[in-house]
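Chemist: Counting from 1 along the sequence shown, just add 449 to a position and that's the residue number in the working numbering. Yeah, the Cβ is synthetic: ideal placement off N, Cα and C, and Gly gets one too. Bear in mind that the values here come from a model prediction, so they are computed numbers and not experimental data. The structure that follows is given in the form of structure tokens.
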Amino acid sequence: MTVVITGANRGIGKALLDHYHTRGDTTFGTHRAATDGHMLQLDVTDAASQCGLATHMKGQPVDLLVCNAGVYLDKGQRLESGYPAALWADTFAANVTGVFMTVQSLLSNLRMAENAKIAIISSQMASHTRAPGGSYIYRASKAAALNLGRNLASDLKPDGIAVGIYHPGWVRSDMGGDSADISLEESATGLMARFDALSLATTGCFETWDGRAHAY
Ligand SMILES: NC(=O)c1ccc[n+]([C@@H]2O[C@H](COP(=O)([O-])OP(=O)(O)OC[C@H]3O[C@@H](n4cnc5c(N)ncnc54)[C@H](OP(=O)(O)O)[C@@H]3O)[C@@H](O)[C@H]2O)c1
């Protein structure tokens, strides 16, 4: 199958790209700073860059789009004085608008494939049932990404495109840090099993990397 993964130059995105490549799938990884043709250039926040991706991929059926690129910019901000407007704008541009624009860019490619799927990497921090406080911007952005996925699932069902939303685990990446629970390898292989299992019967699901349904 043909897989497109955003933010595939490091972290969970790179681990997924490597594993799909090893499995023998046709892979397209994107990187916002790609220059050498090894990866497709895509800054998910940039409309011109999105246009470039759509042009490059024109006519190529895509079986699985993984919207993985994301930022966590408000770690450790103080409620009293932190969370400036620019941080809200930059986070939402990447984690929400970026997901939506990437889906739009590749919609015709997904429609060309049989049983196409979209996987949105959100977070357990999106859930209204987990509200320990803090990280207001990241939590709100991931909740919005979850909401996008739920609504895309409804809109795209008649097209035969299934949409799943996922918590990748607390992963030892640059974002997750060294003391996180699981390795990139564990997260990637767990997510791949989830994506394989995704179907129109389960579209709109919110699941963890290890196959548990997560409360919205
Ligand atoms: N790690 C965790 O514990 C954890 C937990 C829950 C959810 N997640 C989610 O999992 C996804 C991957 O996280 P990670 O841990 O692999 O993070 P990471 O190591 O920080 O990697 C983030 C990736 O996103 C890319 N990216 C950020 N902004 C972008 C933009 N505007 N355009 C294109 N690419 C952009 C980065 O590219 P550059 O190298 O160019 O910056 C990088 O490839 C994210 O959506 C994250 O929110 C992670």
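Is it true that the CB of L489 sits closer than 8 Å to the CB of H505?
Modeler: Result yes, Cβ atoms of H505 and L489 sit closer than 8 Å.
Chemist: Taking 8 Å as the threshold (C-beta atoms), are G460 and I454 in contact?
Modeler: Going by C-beta atoms, I454 is not nearer than 8 Å to G460.
Chemist: Using a Cβ-based criterion (distance less than 7 Å to any ligand heavy atom), does A482 qualify as near ligand 1?
Modeler: A482 Cβ: within cutoff of ligand 1.
Chemist: Buried or exposed for E656, going by 16 or more other Cβ atoms inside 10 Å?
Modeler: Buried, since its Cβ has 16 or more Cβ neighbours within 10 Å.
Chemist: On a CA-only basis, which of G653, V552, H616, A593 is nearest E635? Give me that one, please.
Modeler: Of the listed residues, the one whose Cα sits closest to E635 is H616.
Chemist: Is DSSP giving C500 helix, strand or coil here?
Modeler: Of the three classes helix, strand and coil, the one that applies to C500 here is helix, per DSSP.
Chemist: What first and last residue would you give for the beta strand (DSSP E) that runs through Y532?
Modeler: No beta strand (DSSP E) contains Y532, which DSSP labels as neither H nor E.
Chemist: Short check: CB of I586 to CB of W619, under 8 Å?
Modeler: No, Cβ-Cβ distance for I586 and W619 is not below 8 Å.
Chemist: Would you mind stating whether D474 and M450 have Cβ atoms separated by less than 8 Å?
Modeler: Yes, these two residues count as a Cβ contact at 8 Å.
Chemist: Assign Q553 to one of two classes, buried (16 or more other C-beta atoms within 10 Å of its C-beta) or exposed (fewer than that).
Modeler: Flag for Q553 reads exposed.
Chemist: Tell me the residue span of the beta strand (DSSP E) that contains K591.
Modeler: Here K591 belongs to no beta strand (DSSP E); instead the alpha helix (DSSP H) covers 585-605.
Chemist: Assuming A664 and T578 are in contact, meaning their beta carbons sit under 8 Å apart, how far apart are those beta carbons, in whole angstroms?
Modeler: Confirmed, about 4 Å.
Chemist: Specify, as a first and last residue, the run of the alpha helix (DSSP H) that A565 falls within.
Modeler: Here A565 belongs to no alpha helix (DSSP H), and DSSP marks it neither H nor E.
Chemist: Assuming F644 and G609 make a contact with CB atoms under 8 Å, what is their CB distance in whole Å?
Modeler: F644 to G609, Cβ: 16 Å. No contact.
Chemist: Look up Q490 in the DSSP assignment and say whether it is helix, strand or coil.
Modeler: In this structure, Q490 counts as strand in the three-state DSSP scheme.
Chemist: Need the endpoints of the beta strand (DSSP E) that V452 sits in, please.
Modeler: 451-454 is the span of the beta strand (DSSP E), which, as asked, contains V452.
Chemist: Between M624 and V520, what straight-line distance do the alpha-carbon atoms span, to the nearest angstrom?
Modeler: If you take the alpha carbons of M624 and V520, they lie about 8 Å apart.
Chemist: Have a look at the DSSP bridge pairing and note the partners of I614.
Modeler: BP columns for I614 point to I569, F655.
Chemist: Which residues in the same chain as T638 place their Cβ atom closer than 7 Å to its Cβ, once the five residues preceding and following it in sequence are excluded?
Modeler: Correct list, in chain order: H468.
Chemist: For the alpha helix (DSSP H) that contains T638, what are its first and last residues?
Modeler: T638 -> alpha helix (DSSP H) spans 633-646.
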